[in-house]
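Working notes for the structure below.
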Amino acid sequence: AQSVTQPDIHITVSEGASLELRCNYSYGATPYLFWYVQSPGQGLQLLLKYFSGDTLVQGIKGFEAEFKRSQSSFNLRKPSVHWSDAAEYFCAVAPEGAQKLVFGQGTRLTINP
Amino acid sequence: GAVVSQHPSWVICKSGTSVKIECRSLDFQATTMFWYRQFPKQSLMLMATSNEGSKATYEQGVEKDKFLINHASLTLSTLTVTSAHPEDSSFYICSARRRILAGNNEQFFGPGTRLTVL
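First to last, the protein sequences are chains H and B.
Take the position in the first sequence, starting the count at 1, then add 274; the result is the number in our numbering.
Take the position in the second sequence, starting the count at 1, then add 382; the result is the number in our numbering.
Here it is as structure tokens:
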């Protein structure tokens with residue numbers, strides 16, 4: 275079955291430390307890939323997206339993500355997190371040609387001072 | 383650009399009443415709008431896809447008679463929760479897909495509406 279998996283429900287890192295959030299998908303072809311961030315009680319903000327081309331994608335707020343076809347992964351990274359990065363992060367996939375987005379379960383990020 | 387608004391941002395209603403939530407694309411035309419539901423500490427669940435001028439397509443398990451969706455213009459879609467009950471309490475989020483831009487599946491999300499049914 276087609277799915278999006280974020281293996282980590284909750285991650286805690288110290289401010290200034292590096293961050294990697296994992297995302298794996300299972301689709302036949304390469305879908306369109308997205309990372310969104312949601313602060314409590316708010317809507318979703320797009321961090322970055324991958325449609326084609328360079329597999330390392332730069333986004334807003336210092337985030338980047340790397341598409342690895344062989345691993346069906348699209349992991350989100352940030353070299354040094356800030357306290358304001360504490361939020362819920364969602365990986366989403368749009369199968370090629372489809373309108374719908376399929377979301378992962380989300381990863382809640384907590385930042386220790 | 384690509385701003386989506388929702389109104390109201392929160393609403394409290396009595397059980398049995400109907401509630402309408404508006405979703406507007408403020409600076410672009412949206413041929414397709416989507417309605418999601420999000421329970422606390424959970425992911426977004428797609429409820430329906432709404433194309434301008436046509437009937438909405440509902441996901442499996444979503445009652446179309448309970449969640450009425452209207453997409454009357456390229457900038458406005460509404461979700462009406464009819465005869466609301468406490469179990470309908472949730473965070474409802476809409477998104478809009480920009481017109482044309484072939485191959486671009488990016489959706490722009492509204493800030494969400496918190497519905498509480500007493």
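For glycine and all other residues, C-beta sits at the position ideal for the given N, C-alpha and C.
Just to make sure I have the definition right: I need the residues of chain B whose C-beta is within less than 7 Å of the C-beta of residue i. Which are they?
i, result
"Phe377(H)", "Ser425, Leu426"
"Ala337(H)", "Before going on, a small fix: residue 337(H) reads as Phe here, not Ala. Near Phe337(H) there are no residues of chain B at all, since even the closest Cβ is about 16 Å away, more than 7 Å."
In the DSSP assignment, what are the bridge partners of residue i?
i, result
"Cys405(B)", "Gln388(B), Ser459(B)"
"Val355(H)", "According to DSSP, Val355(H) bridges with nothing at all."
"Thr427(B)", "One point to set straight first is that residue 427(B) is Met, not Thr, in the sequence displayed. According to DSSP, which records beta bridges pairwise, Met427(B) is partnered with Arg419(B)."
Give me the chain H residues within the contact set of residue i, using Cβ-Cβ distance strictly less than 8 Å, ordered along the chain.
i, result
"Pro493(B)", "Gln316, Gly317"
"Gln489(B)", "Leu375"
"Thr431(B)", "Gln373, Lys374"
Kindly examine the ligand ZN and report whether one of its heavy atoms sits closer than 7 Å to the Cβ of residue i.
i, result
"Ile475(B)", "Because no ligand of any kind appears in the structure shown, any question about the ligand ZN cannot be addressed here."
Assuming contact is defined by CB atoms lying nearer than 8 Å, are residue i and residue j in contact in what I supplied?
i, j, result
"Leu320(H)", "Phe337(H)", "no"
"Glu434(B)", "His453(B)", "yes"
"Val463(B)", "Val386(B)", "no"
"Gly333(H)", "Leu322(H)", "yes"
"Gln420(B)", "Ser472(B)", "yes"
"Leu458(B)", "Trp417(B)", "no"
"Gly290(H)", "Val355(H)", "yes"
"Tyr474(B)", "Leu497(B)", "yes"
"Leu318(H)", "Phe491(B)", "yes"
"Val278(H)", "Val367(H)", "yes"
"Cys365(H)", "Gln312(H)", "no"
Please list the partners that residue i has in chain H, where partner means a Cβ-to-Cβ separation under 9 Å.
i, result
"Arg479(B)", "Gln373"
Should the segment 347-361 of chain H be called in touch with the segment 377-385 of chain H, which here means at least 3 C-beta pairs below 8 Å? yes
Cβ contact check for the segment 425-440 of chain B and the segment 369-380 of chain H: 3 or more pairs under 8 Å: Between the segment 425-440 of chain B and the segment 369-380 of chain H, the count of Cβ pairs shorter than 8 Å is three or higher; the stretches touch.
Please go through the segment 324-378 of chain H and give each complete alpha helix (DSSP H) segment of 4 or more residues, from N-terminal end onward. none
Can you list, in chain order, the stretches of the beta strand (DSSP E) that have 3 or more residues and sit fully within the segment 276-325 of chain H? If we require 3 residues or more, the beta strand (DSSP E) runs fully inside the segment 276-325 of chain H come out as 277-279, 284-288, 293-295, 298-300, 306-312, 318-324.
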